[in-house]
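In the order they appear, the protein sequences are chains C and L.
For the first sequence, the residue numbers in my numbering are 1 to 498.
For the second sequence, the residue numbers in my numbering are 499 to 982.
To keep things clear, I will list the structure first and then write my remarks on it.
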Amino acid sequence: MTAGLDPLRLTARDARRLLTDGEIAASELVKTYLDQIARVEDRVHAFVLVTADNAAKYATEIDQEAGATRGALAGLPTAIKDNMVTEGVTTTCGSRILGNYQPVYTATAVRRIWGDHIVMLGKSNLDEFAMGSSTENSAFGPTRNPWDLSTVPGGSSGGSAAAVAAGEALWALGSDTGGSIRQPAALCGVVGMKPTYGAVSRYGLIAFASSLDQIGPLTRTVYDCALLLRGITGHDPCDSTSIALPGEIELPAAERLDGLRFGIPTEYVSTGIEPGVLERFEQTVTLIEELGATCVEISLPHTEYALPAYYIIAPAEASANLARFDGVRYGYRSPHAGDLTEMYEATRGEGFGAEVKRRIMIGTYALSSGYYDAYYGQAQKVRTLVRRDFDTAFAQVDLIVSPTSPTVAFGLGSRTDDPLAMYQSDICTIPVNLAGLPAISIPCGLAGHLPVGFQIMGPAYSENLLLAAAHALEGAIGFDALPTFADSSAGARGADRR
Amino acid sequence: MSEWEPVIGLEVHVELDTETKMFCGCAVTKGDPPNTHTCPVCLAHPGALPVVNERAVEYAARIALALGCEVRPRSIFHRKNYFYPDLPKAYQISQYDEPLAVGGSFDYWVGDQKLSCRINRVHMEEDAAKLIHAGGETGRIAGSDYSMVDFNRGGTPLIEIVGEPDIPSPEAAREFLQQLRNLIVGLGVSECNMEEGQIRWDANISVRPAGSDRLGTRTELKNMNSFRFLQQALESELPRQVAILEAGGTIDQETLHFDPETGTTTPLRSKEEAHDYRYFPEPDLVPLTADEAWVDKVRQDLPELPAARVERFMSQYGLSRYDATVLGGGSTMARFYEDVVAEGVDAKLAANWTMGEYSAHLNAAGLDPGHGHVTAARLAALLRLVADGEVSGTAAKQVFALMIEERAEPRDVVTRHDLGQVSDTAELEAVVASVIAAHPAQVEQFRAGKEQVAGFFVGQVMRATQGKANPQLVSELVRTALTG
């Protein structure tokens, strides 16, 4: 056992230095995380699949590799959200319909970091097809929040967020369509970033809503976030919508925010924010000013229409994206079918869960002849207005801040019967997806015993500014609380840590 | 019938002969074992994304510009959604309300009459995979035991040419299609092989009182996989509609399936056409942009188009419009003809032989122009022998047949089979003398002033020489012998 390696506190930055300096071996580092998985995974359930043997074996190979030929991220143990295809490693997307699906290729973002010799620990849990805000929609059971096992970790990248929070992974990749990285990062007390649309290739990311989906990092620190982001960004000829960022991702070092102007959208903080969350938010705004920046109120007037527009556009795209799961070529095929139509109906009826079906129905309806203009067409117009709101705002301010989620982690099962309440969870995160902009969530303290996330949004391609500002603010916040693995509903089980 | 006129429009699909598929790097092939040219993209595996084949865009633009369309500076792809096993994504990436090109026209000839059909649009899409239904009697899905999918064809670049309803008769529809096919083949973007379904079409037809400018209710005709079937289907639909209207009925707007066995059409079940394709812009692709410089370049690189070539053949070679159309309508036949002429053969002689013996050979062997068993150079060599009097016109046809049979040069055939024209005066004088000696009665007739009897002697000499004698020389020799 490696003395001094605490998976709940270790950062990728430190792990990388320890590996480079030869103070630890990759196999020791990986073992630290596999041990932690063995210790807490039955309670957290962050993974759909743990690839322990492969990870250990690969770490040994890296240890034998000469230092000079090691990749930039060599040996760093990573969780990959199970909606990114990994060749030869089952990829389920949290769905029964892909329960046994063995991909024949690897997603570009994953391939890039594999090329840097990252070690994959396993495939992390998610809401089925990334549709959800709690990870309760996984066909393989919910993930629990390490800060309170009776609450959800957020979603849809709840497995990735919980894995990082629980020390089951050094860091993780997630995907964000309407907040699916930032909201679970906020609820689990970790850093999560959605890059500018196109900055990371979507090739091999199982599509939910193509015009909104974006892969990004979930990490313990902002520095780590930049490090992992640097590994996955870049134009990909396999993704026509991917772009090259104007400059390389810089590893942030800023400690001050002098001269920056921050906007606080009144529409984000006026209603529906829990008092505890609002309090942490306001404290953090004060810190921003103490670091030398100015904060001004701004207006993003079409914010209230963003959520309904999102819940037209995303399901519409999903209804087409998920049509390929028909039982013909791969994945689940119902044995209870006589002819073609029955095969389609039974396969999809048995293969998809309730929330996925709900969204396919909504999307199909919204695109139907006679309804297209009223729904999809109108939603696209709203999307343009939301984008213009941001354009106008960024003419006045450098960055925009808000709470990431209106609430802290909520109880398992508390919203599963009320989709609209569940959808409200993404009210602060959805607008930037509609506008294609980058945003990051960092922990800004606790409300009660649960973490609160602070969101910073930037103009397109402003990743470096965003990371620098988040880094300075992170230092000032000094968040150092650790999850307790308690279960408040079952009476406190107490700290699990030794 | 005469008081009704048909209004016909065609929608034509053409597979492009690009090296790779429309949205992935898989090879476009014919005849390879099933499912050997597939990848995550064209099998629609989770997470795979399309990337536009730029060569396909260029080919599509070539067709559009040859049809006089405007290639739009910005066009977008849409998803056309429907479930079927030959469509792996369950949507076809196609174009909808912002297609690649709009607003052209196509001039074609029916006999000596020049007609023009407006082209609504040219758009790009991807072909479906191929389904094979096993175990049934009909080869169709109904009644089959199971079905197999071959994804080799899936994702092949496809363009759709949508014509306006400007075609005035079933015959004109056939001509339109044949000449359109010639145009496309000549552009080098598709072989338009009919057996392989590289060119496919649907027709719509309505009728109206002659001279009216209103459009009646139309029906759509499918499953006409030859030019003849197209004409036949339209010819059977036309009186059907007229009969309904004359009986005071109304035409149902429906899709009809042509049955080549019976030559009639039957309605497809309405369920099969009750599609709502739920088109929406394809979010995986950025808009297609075509800047002016690129469009100009594609336009400049267009080869000579058939209509211009026909005019040129008429003026350059002195051909009739009919001959110029037969020879110049298609690029491969035109190239063969011009290759023959380029060898120094008289243009009319070359035209007669290319349209006559050579075309008959192609038809009999089922070959395309340029792929027959006689090359342009060999045909030209034969025609030079004819022009130089070394082979008679009659013998030349025999030589041509033997050139095909033996895959040989004309001169070798002539030598081997002793088919050369005999112009040796001494040799022929001997034959003439013996013929005259054998027919004293006819000699008397000639000498009595019945000069046409000379033809009898020429014929006898030709027969005696198995047609090889130079007929002109024989004629002279006969006259000399009879009058001398």
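Built from N, CA and C at the ideal position, the CB exists for glycine as well.
In this structure, the CA atom of L547 (chain L) is about 38 Å from the CA atom of S829 (chain L).
Interface annotation, D239 (chain C): in contact with chain L, CB-CB separation under 7 Å. Residues of chain C whose Cβ lies closer than 8 Å to the Cβ of D774 (chain L) are, in chain order, S368, S369. Think of a sphere of 9 Å around the beta carbon of A626 (chain L): no beta carbon from chain C falls inside it, the nearest being about 13 Å out.
Here DSSP, grouped into helix, strand and coil, assigns A849 (chain L) to helix. Beta-bridge partners of R698 (chain L) (DSSP): L:H511.
Nearest to E513 (chain L) by C-alpha distance, out of L:H621, L:I742, L:R833, L:V784, is L:H621. With the criterion set as a beta carbon lying under 9 Å from some beta carbon of chain C, the members of the segment 639-659 of chain L are I639, S645, V647, F649, in sequence order. Within the segment 505-564 of chain L, no run of beta strand (DSSP E) reaches 3 residues while sitting entirely inside it. If you keep only unbroken alpha helix (DSSP H) runs of at least 4 residues inside the segment 712-783 of chain L, you get 725-744, 768-771. Assigned with DSSP and collapsed to three states, Y606 (chain L) falls in strand.
Scanning L:I659, L:G634, L:M692 for the CA closest to the CA of M722 (chain L) turns up L:M692. Considering only beta carbons, the part of the segment 203-229 of chain C lying closer than 9 Å to chain L consists of Y203, G204, L205, I206, A207, A209, S210, S211, L212, in chain order. Contact note: F778 (chain L) reaches chain C through A316, L367, Y376, using a C-beta cutoff of 7 Å and chain order.
The beta carbon of R13 (chain C) sits closer than 8 Å to the beta carbons of T221, Y223, D224, L227 from its chain, once the five residues preceding and following it are set aside; these are given in chain order.
No Cβ of chain L is located within less than 7 Å of the beta carbon of A379 (chain C).
The segment 326-397 of chain C is shown to contain whole alpha helix (DSSP H) runs of 4 or more residues at 340-351, 354-367, 378-394, in chain order. With respect to T108 (chain C), G204 (chain C) sits close: the two C-beta atoms are nearer than 7 Å. Annotated three-state conformation of W147 (chain C) is coil, per DSSP. Look at A109 (chain C): its C-beta is not under 7 Å from any C-beta on chain L. Under the 10 Å beta carbon count, Q729 (chain L) is surrounded by 16 or more other beta carbons and is classified as buried. Chain order gives the chain C residues near F581 (chain L) as A323, D326, L340, T341, Y344, where near means a beta carbon separation below 9 Å.
Spanning the alpha carbons of V933 (chain L) and L971 (chain L) requires a straight line of approximately 15 Å.
For S242 (chain C), the secondary structure class from DSSP, reduced to helix, strand or coil, is coil. Residues of chain L with a Cβ closer than 8 Å to the Cβ of T364 (chain C) are, in chain order, R776. The DSSP-derived three-state label of H576 (chain L) is strand. Residues of chain L with a Cβ closer than 7 Å to the Cβ of A320 (chain C) are, in chain order, R577, N579, Y589. For E623 (chain L), the uninterrupted beta strand (DSSP E) run begins and ends at 611-624, by DSSP. No Cβ of chain C is located within less than 7 Å of the beta carbon of P785 (chain L). No Cβ of chain L is located within less than 7 Å of the beta carbon of Y461 (chain C). L656 (chain L) and E509 (chain L) have their C-alpha atoms spaced approximately 13 Å apart.
Rounded to the nearest whole angstrom, the CA to CA distance from P275 (chain C) to T407 (chain C) is 9 Å. Taking a Cβ-Cβ cut-off of 7 Å, the neighbours of D782 (chain L) in chain C comprise S210, S240, T241, given in sequence order. The C-alpha of L786 (chain L) is placed about 25 Å away from the C-alpha of S368 (chain C). The beta carbons of G155 (chain C) and S124 (chain C) sit no closer together than 7 Å. Chain order gives the chain C residues near A542 (chain L) as R324, R329, where near means a beta carbon separation below 8 Å.
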